[in-house]
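Q: I'd like to ask you about the structure that follows.
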Amino acid sequence: MKNRKILIAAILVFLVSVCLSVFILRHSDKQIIEIVQDGELLYTFDLNDAEDRVIRISAPDGGYNLVQIQNGTICISEADCPDQTCVNTGVLKSDYLPIVCLPHKLIVRFAEEES
Amino acid sequence: MNIRRLTELALLSSVALIIFVIELRIPNPFPIPGVKLGLANIVTVCAVFRYRPSETAMIVTVRLLLGAMFSGNPSALLYSAAGAVACLCGMLLLRRILPEQQIWLCSVIGAMLHNVGQITAAVIMMQSFGVIAYLPILLVTGSLAGAFTGLCAQLVLHRIKR
Chain F
-4 MKNRKILIAA ILVFLVSVCL SVFILRHSDK QIIEIVQDGE LLYTFDLNDA EDRVIRISAP
56 DGGYNLVQIQ NGTICISEAD CPDQTCVNTG VLKSDYLPIV CLPHKLIVRF AEEES
Chain X
110 MNIRRLTELA LLSSVALIIF VIELRIPNPF PIPGVKLGLA NIVTVCAVFR YRPSETAMIV
170 TVRLLLGAMF SGNPSALLYS AAGAVACLCG MLLLRRILPE QQIWLCSVIG AMLHNVGQIT
230 AAVIMMQSFG VIAYLPILLV TGSLAGAFTG LCAQLVLHRI KR
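Read top to bottom, the protein sequences are chains F and X. Residues in the first sequence are numbered from -4 upward in steps of one, following this note's numbering. Residues in the second sequence are numbered from 110 upward in steps of one, following this note's numbering.
Put into structure tokens, the structure is as follows:
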């Protein structure tokens, strides 16, 4: 009987996480991008109006990230950090999963909309 | 602990380490940090069901420390250690309840606890709750991977017994 309860609990957790994952991975409908480094807002712009370009952002430790804007999408195309997580994250899509480069304390995310 | 026991544990640790290193070579199709198969946990699950808790803990500790060195990513050690501790505690408790046929379930719950531990460590490290957004995704992928590794462990244990 106890086994069954554990099984049901596991299935419940799994289903709830599936629902939450779908919610979290949903594409954002926001357009305003914020680029933040170490708590300081560096850039903010509307992704729809932004022209295609590459922004080079230098980190305090001498490293850099290249933020690429192309056809209304944004991603980090190159970085000299050791883990490359920010590059592998790819294009920014979700409200909840910003592009983060931990070694350079850089965050690219959708801004909260002003009411 | 006699020599035979010691040798078995050492052998299992090295098997786990080899699987871990080989898995590093497999490219990850998911761009989300923390998502992986965790094949080395086949050994952990086997050990949970075959050895004493203290012996299992030894295998896992050795694999964690050497794995962090071999992967050249010691900063990930903190997260994996937090996950492993949570996972191990849960699985050792579940071992008393679950029968042999449900080893896979034990592994699934172990994987979930592993992810919870990881995210908890990340929240404490980064002092922000933003990383919790990764938890549901990790839970889904983690329990699928956990079911797979658990089934492997179940098959292995079944064969060792005979």
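The beta-carbon is built from N, C-alpha and C at its ideal position, and this holds for glycine as well. From a predicted model like this one, the values you see are computed outputs, not experimental measurements.
Skipping 5 residues on each side, what residues in its chain have a beta carbon closer than 7 angstroms to that of serine 110/F?
A: Caution is warranted here: a pLDDT of 48 is assigned to serine 110/F, below 50, making its placement in the model unreliable, and no coordinate value can be reported.
Q: Would you say the beta carbon of leucine 173/X comes nearer than 6 angstroms to a heavy atom of the ligand ADP?
A: The ligand ADP is not among the ligands present in this structure, which contains no ligands whatsoever.
Q: I think alanine 149/X touches isoleucine 168/X, with their Cβ atoms under 8 angstroms apart; what is that distance to the nearest whole Å?
A: 10 angstroms between Cβ atoms; not a contact.
Q: Just curious, the alpha helix (DSSP H) that glutamate 164/X is in, first and last residue?
A: That run of the alpha helix (DSSP H) goes 162 to 180.
Q: Assign glutamate 132/X to one of three DSSP states: helix, strand, or coil.
A: Correct three-state label for glutamate 132/X: helix.
Q: Under 6 angstroms Cβ to Cβ from leucine 247/X, same chain only, skipping five residues before and after it: list those, please.
A: Once the five neighbours on either side are set aside, the close Cβ partners of leucine 247/X are Gly143 and Asn224.
Q: Could you tell me whether the Cβ of isoleucine 19/F comes closer than 7 angstroms to any Cβ of chain X?
A: With 7 angstroms as the cut-off, isoleucine 19/F counts as an interface residue toward chain X.
Q: What span of residues does the alpha helix (DSSP H) with tyrosine 188/X cover, start to end?
A: 186 to 206 is the span of the alpha helix (DSSP H), which, as asked, contains tyrosine 188/X.
Q: Is the CB of serine 163/X under 7 angstroms away from at least one CB in chain F?
A: It does not; no Cβ of chain F falls within 7 angstroms.
Q: Residues in the same chain with beta-carbon distance under 7 angstroms from arginine 172/X, minus the five sequence neighbours each way, listed in chain order, please.
A: Ser122, Ala125, Leu126, Phe129 and Ala149, listed in sequence order.
Q: Any beta carbon from chain A within less than 7 angstroms of valine 13/F's own beta carbon?
A: The structure shown contains no chain A; the protein chains it does contain are F and X.
Q: For the region 210 to 222 of chain X and the region 248 to 263 of chain X, state whether three or more C-beta atom pairs, one from each stretch, are separated by less than 8 angstroms.
A: Cβ pair count under 8 angstroms is three or more, so yes.
Q: Could you please give the first and the last residue of the uninterrupted alpha helix (DSSP H) stretch that includes leucine 2/F?
A: Where leucine 2/F is concerned, the enclosing alpha helix (DSSP H) stretches over -3 to 20.
Q: Out of Phe179/X, Cys196/X and Leu120/X, point me to the one whose CA is closest to threonine 229/X's CA.
A: Of the listed residues, the one whose Cα sits closest to threonine 229/X is Cys196/X.
Q: Can you name, in chain order, every residue of its own chain whose Cβ lies under 6 angstroms from the Cβ of threonine 250/X, other than the five neighbours on each side?
A: Val144, listed in sequence order.
Q: Please confirm whether leucine 214/X and leucine 15/F have their CB atoms less than 7 angstroms apart.
A: No.
Q: Can you tell me which of the three DSSP states alanine 230/X falls into?
A: Residue state, collapsed to three classes: helix.
Q: Quick one: is proline 55/F buried, meaning 16 or more other Cβ sit within 10 Å of its Cβ, or exposed?
A: Exposed, since its Cβ has fewer than 16 Cβ neighbours within 10 Å.
Q: Establish whether the CB of proline 245/X and some CB of chain F are separated by less than 7 angstroms.
A: Answer yes: the Cβ-Cβ gap between proline 245/X and chain F drops below 7 angstroms somewhere.
Q: Scan the region 136 to 157 of chain X for residues whose Cβ lies nearer than 7 angstroms to a Cβ of chain F and list them as they occur along the chain.
A: Cβ contacts with chain F come from Pro140 and Pro142.
Q: Using a beta-carbon distance cut-off of less than 9 angstroms, what residues from the region 255 to 268 of chain X approach chain F?
A: Those would be none; no residue qualifies.
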